[in-house]
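Below is one structure, written out as structure tokens; the observations come after it.
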Amino acid sequence: MININRHISTAIIASLLALTTVNPSRAEEIDLVKDLNELRLSLIEAGFKIKFEKPPMQGTYGLINTKKKVIWIAPITQQMRIFRTTFLHEAVHAAQTCRTGSLQPIGWMPNVDEAVKIAIESILYRNYESEKFDIEREAFLMQGQPDAVPKIRRELKDHC
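UniProt numbering numbers the first residue of the sequence shown as 1 and each following residue consecutively.
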């Protein structure tokens, strides 16, 4: 039941973040694909393997195995229109491993609407152990930022 609630909550926050961004034109959609491909290449260069398939943990849309350096993104995220936010969320987790080899917050503190902060805190308190709050909060906050891709790529390049 907790996994179902977590994934419903993740979908809600992804939707909230998607609603706060500008709807791109067709030409800009091509650029979005390009920037995510550049991020994918940066992740590969940093030693991560990206699998666009159902994650091995039931009910998840994205997952990272930090020890094996594997990221899974569920194909259904494309139909759900949460592919970008899911990919960015997991990429943040990859970047969070660069400095120490284990998940540690990088220190990104983007400004977001108060409603988004409240939604994220709600997800954290309902679905995550308290020791994961900081890393998950940072990933949730960054997944909706317009400058997320260059920041993640810079962290991967400089510290992985």
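Glycine is no exception: its CB is placed at the ideal position from the N, C-alpha and C atoms.
Proximity to residue i [Cα-Cα], best of the options
i, options, result
"Q58", "V149, I123, I73", "I73"
"C160", "G47, N127, H89", "G47"
"K151", "A94, Q79, K69, F83", "A94"
"R84", "G62, L103, P56, T66", "G62"
"T100", "S42, E155, R40", "E155"
"R137", "K49, N111, D158", "N111"
"F52", "T97, Q104, N127, P75", "P75"
"L39", "L103, P56, R153", "R153"
"D158", "E121, I106, I120", "I106"
"residue 161", "F87, I82, Q78, T77", "Residue 161 is absent from the structure shown; the chain starts at 1 and stops at 160."
Residue i versus residue j - alpha carbon distance
i, j, result
"K132", "A91", "16 Å"
"D147", "W108", "11 Å"
"M80", "T60", "13 Å"
"K54", "K69", "16 Å"
"I30", "K67", "Note on I30: pLDDT 35, under 50, position unreliable in the model; the coordinate value appears next. Approximately 33 Å, taken between the alpha carbons."
"H89", "D134", "13 Å"
"I64", "I71", "4 Å"
"R126", "I44", "33 Å"
"F140", "D113", "13 Å"
"K34", "T97", "24 Å"
"I123", "I50", "25 Å"
"Y128", "V149", "25 Å"
Residue i, buried or exposed, once every other Cβ within 10 Å from all chains shown has been counted against 16
i, result
"Q145", "buried"
"A115", "exposed"
"M142", "buried"
"L41", "exposed"
"I118", "exposed"
Residue span of the alpha helix (DSSP H) that contains residue i, given as start and end
i, result
"N127", "114–127"
"I76", "76–79"
"K49", "Unbroken run through K49 is the beta strand (DSSP E), 49–51; no alpha helix (DSSP H)."
"I152", "148–159"
"K54", "Taken as a continuous stretch (DSSP letters only), K54 belongs to no alpha helix (DSSP H), as it is neither H nor E."
"I44", "26–45"
First through last residue of the beta strand (DSSP E) which encompasses residue i
i, result
"L63", "62–65"
"I135", "Note, I135: premise wrong, no beta strand (DSSP E); alpha helix (DSSP H) at 133–142."
"I106", "Here I106 belongs to no beta strand (DSSP E), and DSSP marks it neither H nor E."
"I73", "70–73"
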